[in-house]
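Residue numbers (the working numbering), protein chains in the order written: chain A, 1 to 197; chain B, 1 to 121. Note that the Cβ used here is the ideal one computed from N, Cα and C, for glycine as well. Report on the following structure.
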Amino acid sequence: MTETDELIEEYVGRLEAAARVLPADRRTELVEEIRDHIATVLAQSPDRDEAAVRTVLDRLGTPEEIVQEACVGLSEASPAREQPVTPGQAPPGARRAGGFAIVTVSLLLIGGVVLPGLGWLVGVMLLCASARWTLRDKLIGALVFPGGLGFPIFYLLFAKGGSGSSSGVAATLVLVVLAGSIGSAAYLLHRALRTAA
Amino acid sequence: MEPSDASNLLTQMRRGALPYCVLALLRHEQRYGVEIVRLLGDVDGMVISEGTIYPLLSRLRRQGLVETVWQESTAGPPRRYYLLTSAGHQALEGFTAEWERFSGAVEHFIGKGREGDDGNG
Chain A
1 MTETDELIEE YVGRLEAAAR VLPADRRTEL VEEIRDHIAT VLAQSPDRDE
51 AAVRTVLDRL GTPEEIVQEA CVGLSEASPA REQPVTPGQA PPGARRAGGF
101 AIVTVSLLLI GGVVLPGLGW LVGVMLLCAS ARWTLRDKLI GALVFPGGLG
151 FPIFYLLFAK GGSGSSSGVA ATLVLVVLAG SIGSAAYLLH RALRTAA
Chain B
1 MEPSDASNLL TQMRRGALPY CVLALLRHEQ RYGVEIVRLL GDVDGMVISE
51 GTIYPLLSRL RRQGLVETVW QESTAGPPRR YYLLTSAGHQ ALEGFTAEWE
101 RFSGAVEHFI GKGREGDDGN G
């Protein structure tokens, strides 16, 4: 494998990893399209050196941004949703939205504890699907402390055998992740309830 | 109004207008993905990450506004071409009319060539 092939594979690998939040058919389609795009642009480009490949990948944006865009309207199925909302009219189910936000944030925070891994993933899918959060909120919620309280709690349960200074470092790390995931959950809740108000 | 409000608003406006720009590119002819991405990417201020066009195209297809056909290419593998459906044409026409009214109105107040500025020239 050449160096430029490696660059492309690394990019597509990141895309595949980020796209795990998407339904399988969408994920396959998206990855194929991006692969086709890279191949077509390079085929039309006068040279195929490292600089050319890097330019193509830079212009595509990060895999995470692309997946974020693919998450938009994940739950919407019909073109009827495209119709503009009458100005001044409160969206139906505004009260339900608060409950939705709480369920989503709870899954992100403790879903990974109740159903290891899976609960958190469901939380991420709800987060992506909701129009309640902005792109930045979604990235913060999904990527800053992935797994929520799952990692620190499983660590505390199963990794008691640490020794000396390394367990001190680990304990600090666990505390940081605990505080961080609770903090990011509180942030998401705050953002959601603010927009719901 | 904070400066970040204006930048958020512009981001939202760009996101909202982008699907219609894609539809407009397909108004008279079918185009393949890379072509659409290139046309949008070459205009400054329209698209920041070209890769995000593909999820958008996929969404437009699920909404029934565009459809796709595969065609052989003289260079390389077959290409997926996008074309407007009649619903897509309708959506584009509806938006175009409203957009012209709206952008004309905004231009009237904050545009460079507004009345009063060119009185001394």
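Per DSSP, what are the beta-bridge partners of residue i in this structure?
| i | result |
| --- | --- |
| E67(B) | L83(B) |
| Y32(B) | Y81(B) |
Which value, in whole angstroms, describes the spacing of the CA atoms of residue i and residue j?
| i | j | result |
| --- | --- | --- |
| P146(A) | I153(A) | 13 Å |
| G88(B) | V122(A) | 33 Å |
| S45(A) | T55(A) | 11 Å |
| P23(A) | A6(B) | 34 Å |
| L156(A) | L115(A) | 17 Å |
| V69(B) | Q30(B) | 9 Å |
| E50(B) | G61(A) | 6 Å |
| T86(A) | V113(A) | Because the pLDDT at T86(A) is just 40, under 50, the model does not fix this residue reliably, and the value given afterwards should be weighed accordingly. Approximately 42 Å, taken between the alpha carbons. |
| P77(B) | G141(A) | 39 Å |
| R48(A) | L42(A) | 6 Å |
| V124(A) | Q68(A) | 11 Å |
| G22(B) | T52(B) | Looking at the sequence itself, residue 22(B) is Val, so the reference to Gly does not match. In a straight line, the C-alpha of V22(B) is about 12 Å away from that of T52(B). |
| G33(B) | F95(B) | 23 Å |
| R80(B) | Q71(B) | 6 Å |
| L10(B) | S103(B) | 14 Å |
| L126(A) | L60(B) | 22 Å |
| R35(A) | L143(A) | 24 Å |
| S78(A) | G64(B) | Bear in mind that the predicted position of S78(A) carries a pLDDT of just 37, short of 50, making it too unreliable to give a figure here. |
| C221(A) | S167(A) | Nothing in the structure corresponds to residue 221(A), since chain A is present only between 1 and 197. |
| L175(A) | G111(B) | 54 Å |
Can you give the beta carbon distance from residue i to residue j, rounded, assuming they're within the 8 Å contact cut?
| i | j | result |
| --- | --- | --- |
| L92(B) | R27(B) | 6 Å |
| A18(A) | P63(A) | 5 Å |
| R191(A) | D137(A) | 5 Å |
| L7(A) | L57(A) | 7 Å |
| H37(A) | V37(B) | 7 Å |
| S181(A) | L109(A) | 6 Å |
For a contact meaning CB atoms closer than 7 Å, what does residue i contact in chain B?
| i | result |
| --- | --- |
| L60(A) | S49, E50 and G51 |
| E10(A) | Going along chain B, no residue has its Cβ under 7 Å from E10(A), so there is no contact; the nearest lies around 15 Å. |
| T40(A) | V34 and G76 |
| A70(A) | P55 |
| G73(A) | R59 |
Would you please verify whether the beta carbon of residue i is less than 8 Å from any beta carbon of chain B?
| i | result |
| --- | --- |
| G209(A) | In the structure as shown, chain A begins at 1 and stops at 197. Residue 209(A) is therefore absent and cannot be evaluated. |
| A43(A) | yes |
| I34(A) | yes |
| E3(A) | no |
| G13(A) | no |
| G147(A) | no |
| G112(A) | no |
| Q89(A) | Because Q89(A) carries a pLDDT of 43, less than 50, the predicted location of this residue cannot be relied on, and no value is offered for it. |
Mind listing the chain B neighbours of residue i? Cutoff is C-beta to C-beta under 8 Å, in chain order.
| i | result |
| --- | --- |
| L30(A) | Y54, P55 and S58 |
| I66(A) | S49, G51, T52, Y54 and P55 |
Show which residues of chain D have a CB atom less than 7 Å away from the CB atom of residue i.
| i | result |
| --- | --- |
| G104(B) | You won't find chain D in this structure, because its protein chains are A and B. |
In chain A, what lies closer than 8 Å to residue i by C-beta?
| i | result |
| --- | --- |
| V37(B) | H37 |
Does the beta carbon of residue i come closer than 8 Å to any beta carbon on chain A?
| i | result |
| --- | --- |
| V34(B) | yes |
| G41(B) | yes |
Tell me whether residue i, by its Cβ, gets closer than 7 Å to a heavy atom of the ligand NAP.
| i | result |
| --- | --- |
| L178(A) | This structure lacks the ligand NAP; in fact it carries no ligand of any kind. |
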